[in-house]
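First comes the structure, then the notes that go with it.
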Amino acid sequence: LRGHLRAAAAALGAEYRPDWTPECTHLVCAFPRTPKAARARQQGGVVVGARWIWECQKQGRRLSCGPYLLDGAASSGSEGEEPEDAPPPPCPSPKVTKGAGPPQR
Numbered sequence: 009l010r011g012h013l014r015a016a017a018a019a020l021g022a023e024y025r026p027d028w029t030p031e032c033t034h035l036v037c038a039f040p041r042t043p044k045a046a047r048a049r050q051q052g053g054v055v056v057g058a059r060w061i062w063e064c065q066k067q068g069r070r071l072s073c074g075p076y077l078l079d080g081a082a083s084s085g086s087e088g089e090e091p092e093d094a095p096p097p098p099c100p101s102p103k104v105t106k107g108a109g110p111p112q113r
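Just so we're aligned, residue 9 is where the sequence shown starts under my numbering, counting upward by one.
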C-alpha cells in the first residue's frame with residue numbers, strides 16, 4: 009500500500025520524504041495521533057489520510073485537503089485547506105506515516 013501511495017503521489021508531482029522536516033507541507037498517515045503527526049502539526053504541516061492521494065489521482069489534480077484532514081488538523085475554511093484549484097505549495101515535501109507522500113510539486 010505504501011509503495012502504491014508513493015507512486016500515485018509522485019505521478020501527481022509530489023516529493024516523498026521518509027522523515028518529517030519543517031520543509032514538508034503534508035503528512036499522509038493512517039493514524040492521526042502519532043508523535044510524527046503531532047510534530048507535523050506543531051510545525052505547520054497538514055495531516056491527511058491516504059484517501060486524499062487516491063482522490064487527487066482519480067481527478068487528476070490537487071484537491072482541497074479539508075475533507076481528508078485527520079484529527080481536526082484544520083477545519084473547513086481554516087489554515088491548511090486550500091481551494092480546489094489552488095496551485096501546489098512552493099516547497100513540496102510530502103511525508104509517509106503508514107501511508108504515502110501527498111500530491112505536491
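All residues carry an ideal CB built from backbone N, CA and C; glycine is no exception.
As the structure is a computational prediction, the values presented were derived from the model and not from experiment.
#### Entry: Enclosing beta strand (DSSP E) for Cys64 [first to last residue]
Translated into positions along the sequence shown, residue 64 becomes position 56. Per DSSP, Cys64 lies in no beta strand (DSSP E) segment; the continuous alpha helix (DSSP H) that holds it begins and ends at Arg59 to Gln67.
### Touch test, the region 22-40 against the region 58-71, Cβ-Cβ under 8 Å, three pairs minimum
The answer is yes - the region 58-71 touches the region 22-40, with three or more Cβ pairs under 8 Å.
#### Entry: Nearest-angstrom Cα separation, counted from Tyr24 out to Leu15
Residue numbering aside, residue 15 sits at position 7 when the sequence shown is read from its first letter. Residue numbering aside, residue 24 sits at position 16 when the sequence shown is read from its first letter. In the sequence under discussion, the amino acid at residue 15 is Ala, which differs from the Leu named in the question. C-alpha separation (whole angstroms): 9 Å.
### Message
Here's the rule I'm using: 16 or more other beta-carbon atoms within 10 Å means buried, otherwise exposed. How should Ala46 be labelled?
### Response
Stepping through the sequence shown from its first residue, residue 46 is reached at position 38. Under a 10 Å Cβ-count criterion, Ala46 is classified as exposed, with fewer than 16 other Cβ atoms of the shown protein chains found around its own Cβ.
### Task
Assign Arg70 to buried or exposed, taking buried as 16 or more other Cβ atoms, counted over all protein chains shown, within 10 Å of its Cβ.
Indexing the sequence shown from 1 puts residue 70 at position 62. Result: buried.
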